[in-house]
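Here's the structure we're looking at; comments come further down.
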Amino acid sequence: MSNQTFSKSERLTSRKAIANLFEKGTALRIAPIKIIYLSMELDSLSPVQAGFSVPKTIFKRAVDRNLLKRRMREAYRRNKKLLYDGLENSGKQFAIMFIYSKKEVISYEEIEGKIILFMERLITKHVKGS
RNA sequence: AAUGUUAGCUGUUCUAUCGUUCGCCGAUUCGUCGGAGGAAGGAAAGUCCGGGCAACAUAGAGUACCGCACUUCCUAACGGGAAGGUCUUGAUAAUGAGAGUUAUUAAGAACAGAUAGUGCUACAGAAAAUAACCGCCUCUUCGAGGUAAGGGUGAAAAGGUGGGGCUAAAAAUCCACCGCAGUUGCAGGUGACUGUAAUUGAGAGAAAACCUUGCGGGUUGAAAGGCAAUGUAUACCGGGAUAUUUGUUCCGUUGGAGCAAAAUAAAAACUACUCGUUUGAUCCCGGAGGGUGUGCCGAUAGAGUCUGUUGGCGACAGCAGGCCCAGAUAAAUGAUAGAAAUUGAACGGCCCUCGGGUCGAUCUAUACAGAACCCGGCUUACAGGCUAACUUCCUUU
RNA sequence: GGCCCCAUAGUUCAAGGGAUAGAAUAGAAGUUUCCUAAACUUUAGAUCCAGGUUCGAGUCCUGGUGGGGCUA
97 MSNQTFSKSE RLTSRKAIAN LFEKGTALRI APIKIIYLSM ELDSLSPVQA GFSVPKTIFK
157 RAVDRNLLKR RMREAYRRNK KLLYDGLENS GKQFAIMFIY SKKEVISYEE IEGKIILFME
217 RLITKHVKGS
């Protein structure tokens with residue numbers, strides 16, 4: 097689990113879980129990315145399940161939406177070890193949804209920086225709370 | 001050789017590291033792991049047409065509604081395609097006194113009907129489709145009548161050109177030629193239609209106004225639909241049985257059987273309406289309905305594609321052989337780094353017809369765009385490259 | 001994914017194919033007032049884009065662009 101794979105058990109695939117997340121989750125905004133997360137029981141052993149979304153109203157073309165989702169997913173996949181290590185001993189599970197909310201396409205480096213920033217914040221908040 | 005237009009084809013490649021998904025093979029502690037493979041397009045797009053497929057009656061009739069509209073063919077089908085016909089516009093040439101006609105060539109056509117009917121044609125103009133304002137002429141002054149040759153208005157003015165005659169003045173009255181429309185005959189063509197002869201006629205435009213005629217269309221779309229699991233009482237589904245009342249006949253007696261009629265019956269579904277069809281009341285047996293929401297099938301081998309050959313002007317069709325070519329579902333096919341190729345820019349070297357070619361290193365750019373059940377089309381978007389045809393220009397012979 | 005609707009001044013709406021596309025409100029300038037508001041006068045401002053039919057198109061037809069709604 098400590099490698100860089102990103103298989104189905106680590107992604108948000110349950111319609112029910114997503115509905116629950118949007119209803120009760122905590123919203124957070126880091127520059128162009130809006131993040132909704134919730135501590136909840138998941139149906140897999142993975143500590144975190146993540147999903148990525150780009151609204152159709154901002155980007156009309158499917159090519160642009162695909163590009164941004166791929167960049168966000170890649171950034172998450174390469175850095176998720178940070179998040180997993182931080183949550184290792186807590187026993188909690190998180191569902192996270194990343195939503196892109198800017199009209200321009202930004203580079204991979206920028207997206208990666210924002211996602212790392214979010215992970216650090218989530219860990220410090222969680223440690224402080226417990 | 002350059003320039004542009006149109007049509008067709010193509011539409012970046014390789015390596016390394018880390019990843020996604022689907023078959024196959026092997027292992028497994030059933031969580032996964034390993035091996036070897038497949039993984040976006042010509043438009044996957046717009047959702048504009050047509051078809052397959054599925055449910056609702058094996059999908060029925062008429063009206064309404066919607067769509068289409070030269071002919072023949074292709075096709076599973078089409079509003080698509082091929083070949084042809086006709087018309088319009090432009091150019092060139094020939095001919096004619098002129099109107100016009102003919103030939104070649106290019107482009108285009110929602111190209112049935114305006115002589116079935118209703119309505120419309122602003123402003124201007126006498127008048128916009130049963131034409132008389134000025135002008136001309138006649139009668140009997142006012143006024144009435146005749147006349148479409150001339151005038152001006154308008155997008156459009158009542159077939160056109162030339163000539164003669166009649167007449168009060170004129171005309172479509174006459175002659176010749178040209179054009180248009182209807183009917184009939186002959187010849188050619190599968191047909192649209194063409195050629196030709198006779199005869200009749202003079203009534204603009206618009207159907208992308210309503211409409212008429214002919215042809216076609218049942219409705220809803222994979223979120224269709226089917227299976228399984230979870231789970232609770234009836235209403236839901238499937239199968240079977242029986243009908244209730246009245247009259248009458250028979251058996252012959254607190255009842256049973258046959259026949260006929262009526263009622264239950266109001267309504268619901270099938271497209272809006274009319275018809276038509278189905279359901280319908282009670283009991284028994286079996287399965288469960290609604291809601292939440294999971295997995296699988298539908299769902300990836302097909303009107304498939306490539307090669308050859310035969311038929312056809314062609315679209316296309318037949319035959320033979322080879323090939324298997326994405327299958328995701330909060331939704332895969334990617335990220336990073338480095339090379340190469342192509343394009344453009346300025347720089348330096350070399351060559352020469354002084355405008356380019358070629359080599360080197362640097363910088364820049366690499367389009368439009370992402371499958372969502374599957375096919376056939378149409379439309380729209382598209383950096384660069386290749387091929388073909390044509391236009392224009394230059395040089396040489 | 002599928003189905004449907006709409007587009008006119010800054011905004012909300014009109015306009016049987018026919019003078020210069022109209023009204024309300026918002027804007028600007030002026031009058032009035034010590035100043036503001038209200039009132040009055042004047043003024044500028046628009047048919048989503050491209051083709052086609054027609055003598056003539058906001059309206060009719062075709063293609064595109066943008067926006068909105070419904071559907072488990």
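Just so we're aligned: 121 in our numbering is position 25 of the first sequence, and the numbers increase by one with no gaps anywhere.
Note that beta-carbon positions come from the ideal geometry of N, C-alpha and C, so glycine has one too.
Computed from a predicted structure; not experimentally measured.
- Rounded to the nearest whole angstrom, the C-alpha separation of residue 188 and residue 142 is 10 Å.
- A Cβ-Cβ separation of about 7 Å places residue 190 in contact with residue 134 under the 8 Å criterion.
- One Cα belongs to residue 145, the other to residue 203, and the distance between them is close to 24 Å.
- Residue environment analysis places residue 127 among the exposed positions, since fewer than 16 neighbouring C-beta atoms fall within 10 angstroms of its C-beta.
- According to the DSSP secondary-structure assignment, residue 194 is paired through a beta bridge with 131, 148.
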